[in-house]
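J.: For the sequence shown, counting from 1, position 29 maps to 29 in UniProt numbering; every step adds exactly one.
We put the CB at the ideal spot given by N, CA and C, even for glycine.
Quick one: this structure, given as structure tokens, is what I'll be asking you about.
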Amino acid sequence: MAADPRPANDSAPIRPSLFDRAVEAARRDPTPPPAPPAPRAPRPPIDRVSALLAVAIVATPLITWGGAAILTARAQDEGRAIARRAAPVMAEQAAAQQTRALLQQAWRGAPLGTTLESLARALPPDAALLRAERNAAGMIAIEVAAPDPDRLLAALRRDPVLTGLRATAQARADGDGRMRVTLEQRP
């Protein structure tokens, strides 16, 4: 038999000890059981007009951007096709314009015959014309053999038709003591 924890003369009621109360408090769940969820209010139906308006606001710039991209691509393709078709015509026009410019330069300058006559009059008696030519741009180049290049240049500068000629090269001629002077017309 277990011993009675209270003294024999004690008339006090029997209560659980402090330890028993602490163990009992630890065993109990301190949070009360959850309350049942409150009934939710029913969701209102979606306003279809507002939803369509929101979709239209978002979709309008996207559709515009897509349409602009398509139109830009088509315009670029058409531009490339036009450029391919126009390339031969443009090349022909450029060639014609270049030909016109060359003809204009040729017409503007003195004819080669006039230049040769001026050379024959202006050359000193001991000088000889070795070569005379006009290039595609209409510029004249001549080569003269003369014993004194300075006297040759002074004689050529006296004639107004030959004033545009400038000496570009000088070299000693083969064994005859004369200098080869190359003169070219400067633009």
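Would residue 182 and residue 133 qualify as a contact pair, given that the criterion is a beta-carbon distance under 8 Å?
T.: No.
J.: Go to residue 179, then tell me how far its alpha helix (DSSP H) extends in each direction, as first and last residue.
T.: Not the alpha helix (DSSP H): residue 179 falls in the beta strand (DSSP E), residues 179-185.
J.: Have a look at residue 102 and residue 152 and give me their C-alpha separation to the nearest angstrom.
T.: The straight-line gap from Cα to Cα measures roughly 30 Å.
J.: Determine, using beta-carbon pairs with one atom in the segment 79-91 and one in the segment 105-122, whether at least three such pairs fall under 8 Å.
T.: Not touching, per the Cβ criterion.
J.: Given that a residue counts as buried once 16 or more other Cβ atoms are within 10 Å of its Cβ, and exposed if not, what is residue 104?
T.: Exposed.
J.: Which whole-angstrom value is the C-beta distance of residue 180 and residue 130, which I expect to be below 8 Å?
T.: Yes, they are in contact, since the Cβ atoms of residue 180 and residue 130 sit about 7 Å apart, within 8 Å.
J.: Going by DSSP, what residue range makes up the beta strand (DSSP E) through residue 142?
T.: That run of the beta strand (DSSP E) goes 140-146.
J.: With residue 25 as the anchor, note down where its alpha helix (DSSP H) starts and where it stops.
T.: Unbroken alpha helix (DSSP H) run through residue 25: 18-27.
J.: What residue range does the alpha helix (DSSP H) around residue 121 cover?
T.: Residue 121 -> alpha helix (DSSP H) spans 112-122.
J.: Along the chain, where does the beta strand (DSSP E) containing residue 38 start, and where does it finish?
T.: Per DSSP, residue 38 belongs to no beta strand (DSSP E) and is neither H nor E.
J.: Under three-state DSSP, which class holds residue 85?
T.: If DSSP states are grouped into helix, strand and coil, residue 85 belongs with the helices.
J.: Tell me whether residue 60 sits in a helix, a strand or coil according to DSSP, three-state version.
T.: Looking at residue 60 - three-state DSSP - the assignment turns out to be helix.
J.: Note down, in chain order, each residue of its chain lying with its Cβ closer than 8 Å to the Cβ of residue 135, except the 5 sequence neighbours on either side.
T.: For residue 135, where only same-chain residues beyond five positions count, the Cβ hits under 8 Å are 141.
J.: Pull up the distance between the alpha-carbon of residue 78 and that of residue 91, whole angstroms please.
T.: Taking the straight line from one Cα to the other gives about 20 Å.
J.: Indicate the three-state DSSP secondary structure (helix, strand or coil) for residue 131 in the structure shown.
T.: Strand, per DSSP.
J.: Can you tell me whether residue 99 is helix, strand or coil according to DSSP?
T.: Residue state, collapsed to three classes: helix.
J.: Check each candidate in 108, 63 and 145 and name the one with the smallest Cα separation from residue 126.
T.: Answer by Cα proximity: 145.
J.: Whole angstroms is fine: what's the gap from residue 51's alpha carbon to residue 89's?
T.: Going by the C-alpha atoms only, they are around 57 Å apart.
J.: On the criterion of 16 or more Cβ atoms from any shown chain inside 10 Å, does residue 168 qualify as buried, or is it exposed?
T.: Residue 168 should be labelled exposed.
J.: In this structure, does DSSP put residue 136 in helix, strand or coil?
T.: Of the three classes helix, strand and coil, the one that applies to residue 136 here is coil, per DSSP.
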